[in-house]
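J.: Following this message is one structure expressed as structure tokens.
There are 2 protein chains.
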Amino acid sequence: MTVVQMVNQQTVPAALCVTEETHPRPDGRDQYTISEVAAFTGMSAHTLRWYERIGLMPHVDRSNTGQRRFSNRDLDWLAFVGKLRLTGMPVADMVTYAELVREGKRTEPQRKALLEATRTDVVQRIAELQDTLTVLDYKIGTYAGAEQAPERTGA
Amino acid sequence: MTVVQMVNQQTVPAALCVTEETHPRPDGRDQYTISEVAAFTGMSAHTLRWYERIGLMPHVDRSNTGQRRFSNRDLDWLAFVGKLRLTGMPVADMVTYAELVREGKRTEPQRKALLEATRTDVVQRIAELQDTLTVLDYKIGTYAGAEQAPERTGA
DNA sequence: CACTTGCCTGGAGTGCGCTCCAAGGTCTTA
DNA sequence: TAAGACCTTGGAGCGCACTCCAGGCAAGTG
């Protein structure tokens with residue numbers, strides 16, 4: 001049975017609670033194949049392998065035949081990465097963050113600083129977008145009355 | 001005298017009033033060289049030429065020696081393009097919009113539809129970012145107390 | 001007049017984030 | 001046990017949005 005197609009479900013339950021275990025669990029096993037993970041995260045299997053290669057994933061378990069077996073912890077991490085990606089943070093920076101995590105507790109101050117910088121960026125992006133929204137609304141306003149498919153208006 | 005460096009001033013007066021004439025006028029001439037425009041828009045001269053090549057700019061005036069002379073109208077258009085760019089709209093779509101504008105008044109319904117679709121995207125992006133902010137705050141919270149540069153804390 | 005600075009062009013190059021390919025091994029279901 | 005879906009790897013390729021280069025013209029300054 002082929003894995004169900006459910007790409008692009010970014011809208012996971014909002015409280016993804018990183019490294020806590022409130023994760024949408026595909027089933028009870030805590031062992032997911034790459035295509036399952038692809039389906040759940042909306043990332044492609046290619047991307048998941050690539051993330052691992054560049055050091056954006058902590059080492060993923062393998063089956064005795066060498067196939068990846070992702071854990072719930074991995075899923076949590078990927079959900080967080082997905083969020084960071086939404087902010088437009090460069091992948092290289094996420095790798096840096098991942099490296100800091102790997103280095104252990106003593107890097108927490110740096111990690112905090114990094115996230116705070118990201119936070120600032122996000123706040124600014126939101127402001128920019130809201131500004132853009134104003135412009136867009138103004139522009140749309142100037143087209144007011146111009147309806148799509150203007151023929152057969154008299155229905 | 002070289003043009004003043006003031007790259008990256010995205011934060012133009014918010015009411016940029018596309019094709020209206022409330023524009024920050026570099027001086028009174030209504031004729032700007034490419035490097036002046038680059039300074040005012042924060043786009044590189046390369047990018048401005050490229051935008052023209054791909055049809056994202058209405059035809060720009062030229063001096064008798066063939067140099068570009070941008071008008072206030074061009075600046076307005078570029079400000080709008082800058083806003084669209086912030087939304088993440090692909091350049092190809094902006095070109096489409098520019099083509100519609102060139103085709104005249106009868107394309108207004110399409111243009112309106114296009115902007116409305118963009119608006120929807122922007123609203124969604126804002127929501128995503130706000131969601132991300134929540135996650136970020138949660139994460140930062142877990143690092144609370146971890147201060148940058150922990151040595152010499154006892155000051 | 002030489003020199004510097006700025007502009008022009010077509011086309012090539014860059015960096016990012018994937019995305020795909022080839023060649024092969026594995027797992028599942030009939 | 002055989003087909004077919006799935007997994008593995010290193011490395012090549014792609015699309016986007018620039019970004020830069022070479023070679024050349026034009027205008028201002030000492």
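Just so you know, the protein sequences line up as chains F and E, in that order.
Counting from 1, one number per residue, gives the positions in the first sequence under the UniProt record's numbering.
Counting from 1, one number per residue, gives the positions in the second sequence under the UniProt record's numbering.
Ideal Cβ positions, reconstructed from N, Cα and C, are used throughout, including at glycine.
(1) Taking DSSP's pairing of strands, which residues face D61 of chain E in a bridge?
(2) Take the Cβ of A79 of chain F as the centre, count every other Cβ of all protein chains shown within 10 Å, and call the residue buried at 16 or more, exposed below.
(3) Can you pull the chain F neighbours of Y97 of chain E, defined as C-beta to C-beta under 7 Å?
(4) Hey, does V101 of chain F have any beta-carbon neighbour from chain E nearer than 8 Å?
(5) What residue range does the alpha helix (DSSP H) around I126 of chain F cover?
(6) Rounded to the nearest angstrom, what separates residue 176 of chain E and W77 of chain F at their Cα positions?
(7) Below 8 Å between beta carbons: does that hold for L115 of chain F and I140 of chain E?
(8) For chain E, is any of its Cβ atoms less than 8 Å away from the one on L136 of chain F?
(9) Where Y32 of chain E and G55 of chain E are concerned, what is the direct C-alpha to C-alpha distance, given to the nearest angstrom?
(10) Which residues mark the beginning and the end of the alpha helix (DSSP H) in which D93 of chain E is found?
(11) Can you check which of these residues, F:V123, F:Y97 and F:H46, is closest to A113 of chain F by C-alpha distance?
(12) Can we say the segment 113-132 of chain F touches the segment 85-94 of chain E, given the rule of at least three CB pairs closer than 8 Å?
(13) With DSSP run on the structure shown, which of helix, strand or coil describes T22 of chain E?
(14) Using a Cβ-Cβ distance under 8 Å, would P26 of chain E count as near chain F?
(15) I'd like to know whether the C-beta atoms of M57 of chain F and D30 of chain F end up nearer to each other than 8 Å.
(16) I'd like to know whether the C-beta atoms of P38 of chain E and L48 of chain E end up nearer to each other than 8 Å.
(17) Y51 of chain E bridges to which residues according to DSSP?
(18) Using the beta-carbon of each residue, which ones in chain E are nearer than 7 Å to L48 of chain F?
(19) Can you tell me whether E36 of chain E is buried or exposed? The criterion is at least 16 other CB atoms within 10 Å of its CB, across all chains shown.
(20) Does the distance from the CB of T120 of chain E to the CB of G82 of chain E come in under 8 Å?
(21) Can you tell me which of F:L136, F:H46 and F:T118 puts its alpha carbon nearest to the alpha carbon of T132 of chain E?
(22) Return the first residue and the last residue of the alpha helix (DSSP H) that T41 of chain E is part of.
(23) With DSSP collapsed to three states, give me the class of D30 of chain F.
(24) May I have the straight-line CA-CA distance separating R68 of chain E from I34 of chain E, to the nearest angstrom?
T.: According to the structure shown:
(1) Within the second sequence, numbered from 1, the residue matching residue 61 of chain E stands at position 61. E:R69.
(2) Walking along the first sequence from the start, residue 79 of chain F turns up at place 79. With 16 or more Cβ atoms within 10 Å of its Cβ, A79 of chain F is classed as buried.
(3) Stepping through the second sequence from its first residue, residue 97 of chain E is reached at position 97. Going along chain F, no residue has its Cβ under 7 Å from Y97 of chain E, so there is no contact; the nearest lies around 10 Å.
(4) Counting from 1 along the first sequence, the entry for residue 101 of chain F is found at position 101. Answer no: the Cβ-Cβ gap between V101 of chain F and chain E never drops below 8 Å.
(5) The sequence position of residue 126 of chain F within the first sequence is 126, counting from 1. Residues E108 to T142.
(6) Summary: the structure shown does not reach residue 176 of chain E, with chain E confined to residues 1 through 155, and so no result is reported for it.
(7) Residue mapping note: residue 115 of chain F aligns to position 115 of the first sequence, counting from 1. Residue mapping note: residue 140 of chain E aligns to position 140 of the second sequence, counting from 1. Yes, the Cβ-Cβ distance between L115 of chain F and I140 of chain E is below 8 Å.
(8) Locating residue 136 of chain F in the first sequence gives position 136, counting from the first residue. By this cut-off, L136 of chain F is an interface position.
(9) On the second sequence, position 32 is the one that residue 32 of chain E refers to. On the second sequence, position 55 is the one that residue 55 of chain E refers to. Cα to Cα, Y32 of chain E sits roughly 20 Å from G55 of chain E.
(10) Taking the second sequence and counting its residues from 1, one reaches residue 93 of chain E at position 93. Unbroken alpha helix (DSSP H) run through D93 of chain E: V91 to R102.
(11) In the first sequence, counting from the first residue as 1, residue 113 of chain F sits at position 113. Selected option, being the one with the closest Cα: F:Y97.
(12) yes
(13) Locating residue 22 of chain E in the second sequence gives position 22, counting from the first residue. Here T22 of chain E scores only 44 on pLDDT, less than 50, and its place in the model is too uncertain to base an answer on.
(14) By one-based count along the second sequence, residue 26 of chain E stands at place 26. At P26 of chain E the pLDDT is 48, less than 50, meaning the model places this residue with poor confidence; the figure from the coordinates comes in the next sentence. It does not; no Cβ of chain F falls within 8 Å.
(15) Within the first sequence, the letter at position 57 stands for residue 57 of chain F. Within the first sequence, the letter at position 30 stands for residue 30 of chain F. Going by C-beta atoms, M57 of chain F is not nearer than 8 Å to D30 of chain F.
(16) As a working note, residue 38 of chain E is residue 38 in the second sequence. As a working note, residue 48 of chain E is residue 48 in the second sequence. Note on identity: in this sequence residue 38 of chain E is Ala, with Pro being the wrong assignment. Yes, these two residues count as a Cβ contact at 8 Å.
(17) In the second sequence, counting from the first residue as 1, residue 51 of chain E sits at position 51. Per DSSP, none; premise fails for Y51 of chain E.
(18) Counted from its first residue, the first sequence places residue 48 of chain F at position 48. Result: empty, since nearest Cβ-Cβ is about 20 Å, beyond 7 Å.
(19) Within the second sequence, the letter at position 36 stands for residue 36 of chain E. Buried, because 16 or more other Cβ atoms sit within 10 Å of the Cβ of E36 of chain E.
(20) Within the second sequence, the letter at position 120 stands for residue 120 of chain E. Within the second sequence, the letter at position 82 stands for residue 82 of chain E. No.
(21) As a first step, residue 132 of chain E must be located in the second sequence, where it is residue number 132. For T132 of chain E, the nearest C-alpha among the options comes from F:T118.
(22) Numbered from 1 along the second sequence, position 41 holds the residue referred to as residue 41 of chain E. I34 to T41 is the extent of the alpha helix (DSSP H) around T41 of chain E.
(23) The count along the first sequence starts at 1 and reaches residue 30 of chain F at position 30. D30 of chain F: coil per DSSP, three-state reduction.
(24) Along the second sequence, one-based indexing puts residue 68 of chain E at 68. Along the second sequence, one-based indexing puts residue 34 of chain E at 34. Taking the straight line joining both Cα atoms gives about 6 Å.
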